[in-house]
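Asker:
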């Protein structure tokens with residue numbers, strides 16, 4: 042049963058373009074996350090928001106920016122994509138902080154040509 | 684800072700066999716450990732977690748894991764696997780006041796009918 046929704050499922054674009062990914066959770070959770078999963082399945086946290094406030098901001102290129110309108114939504118914008126941005130971007134949410142069980146969306150696969 | 688390692692990249696077993704997927708961590712203080720499963724093309728799903736108390740924790744679908752402070756391990760086990768258990772399994776850790784969930788590299792479990 043899906044409770045963390047991500048759009049789009051796939052996106053193919055060219056170097057230099059801007060992309061935006063959406064994430065919505067219907068679980069009433071306070072915390073949301075963006076992870077990047079590369080082609081070797083390695084997972085790395087990018088951002089974490091708690092009640093619309095940024096609490097974790099890993100060392101990611103400045104072209105990545107999270108956007109949260111309310112605690113149920115956390116979008117990810119990438120200005121001027123690069124080839125190394127090709128990956129699966131996973132959104133997740135949890136009731137409290139990271140030590141709570143995290144619920145993941147299906148992911149958005151980005152391919153940069 | 685905490686680290687987590689999964690020494691086996693790929694494990695293959697027959698349906699009905701038992702399996703143990705290994706996870707070792709390094710951190711000197713109190714620690715939170717969890718396991719997640721990722722089926723092909725899907726997001727991650729929580730299996731189980733340990734923070735304190737009984738070192739053997741039960742999870743969904745017959746999985747269990749045992750925490751060992753002396754071995755710095757949190758291995759995942761299942762007594763009798765099913766073909767649907769084929770997936771990538773991730774061990775994850777949070778140590779101390781670091782609120783980030785750090786994932787291992789994952790172990791691909793293949794269950795052969």
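Protein chains in written order, with this note's numbering: chain A, 42 to 154; chain B, 684 to 796.
All C-beta atoms, glycine included, are put in the ideal place defined by N, C-alpha and C.
These numbers come from a predicted model, not from an experiment.
1) Can you name the residues of chain A whose CB is closer than 9 Å to the CB of residue 687/B?
2) Check the C-beta distance from residue 117/A over to residue 75/A and give it rounded, since I have them as a contact under 8 Å.
3) Tell me whether residue 102/A counts as near the ligand MN, meaning its Cβ is closer than 8 Å to at least one heavy atom of that ligand.
4) Does the contact criterion of 3 or more C-beta pairs under 8 Å hold for the stretch 106-113 of chain A versus the stretch 82-94 of chain A?
5) Step through the CB atoms of chain B and report whether any lies within less than 9 Å of the CB of residue 147/A.
6) Just tell me which of 790/B, 748/B, 726/B, 796/B has its CA closest to the CA of residue 688/B.
7) Taking the alpha carbon of residue 742/B as the reference point, which residue from 795/B, 736/B, 712/B, 719/B has its own alpha carbon closest?
8) What is the DSSP secondary structure of residue 778/B, reduced to helix, strand or coil?
9) Quick one: which residues of the stretch 76-90 of chain A get their C-beta closer than 9 Å to a C-beta of chain B? List them in chain order.
10) Just grab the DSSP bridge partners of residue 85/A for me.
11) Output, in chain order, the set of chain A residues within a Cβ distance shorter than 7 Å of residue 725/B.
12) Is there a C-beta anywhere in chain B that falls below 9 Å from the one on residue 143/A?
13) Tell me whether residue 698/B sits in a helix, a strand or coil according to DSSP, three-state version.
14) What does residue 752/B touch in chain A if you count any residue whose Cβ is under 9 Å from its own?
15) For residue 761/B, which residues in chain A fall below 8 Å Cβ to Cβ?
16) For the 8 Å Cβ check, are there 3 or more pairs between the stretch 90-99 of chain A and the stretch 686-701 of chain B?
17) Is the stretch 756-774 of chain B close to the stretch 720-733 of chain B, with three or more CB pairs under 8 Å?
18) Mind checking who residue 748/B pairs with in its DSSP beta bridge?
19) Output yes or no for whether 9 Å exceeds the beta carbon distance between residue 771/B and residue 82/A.
20) Contact defined as beta carbons within less than 8 Å: I believe residue 113/A pairs with residue 77/A. What is the distance between those atoms, to the nearest angstrom?
21) Please confirm if residue 690/B has its CB atom under 9 Å from at least one CB of chain A.
22) Hey, residue 56/A and residue 147/A are a contact pair by Cβ (cut 8 Å); roughly how many whole angstroms apart?
Answerer: Let's see:
1) Within chain A, no residue comes near residue 687/B; the closest Cβ sits about 11 Å away, beyond 9 Å.
2) 5 Å
3) For the ligand MN, the structure offers nothing, since it holds no ligand at all.
4) yes
5) Yes - at least one Cβ of chain B is within 9 Å of the one on residue 147/A.
6) Out of 790/B, 748/B, 726/B, 796/B, 790/B has the C-alpha closest to the C-alpha of residue 688/B.
7) 719/B
8) strand
9) 76, 78, 81, 82, 83, 84, 85, 86, 89
10) Checking the DSSP bridge columns, you'll see residue 85/A partnered with 77/A.
11) 147
12) Interface residue, yes.
13) coil
14) The premise fails here: residue 752/B is roughly 18 Å from chain A at the closest Cβ pair, so nothing lies under 9 Å.
15) Result: empty, since nearest Cβ-Cβ is about 19 Å, beyond 8 Å.
16) no
17) Enough Cβ pairs lie closer than 8 Å, so yes.
18) Answer is 740/B, 759/B.
19) yes
20) 22 Å between Cβ atoms; not a contact.
21) No, no contact with chain A.
22) About 26 Å; that fails the 8 Å criterion.
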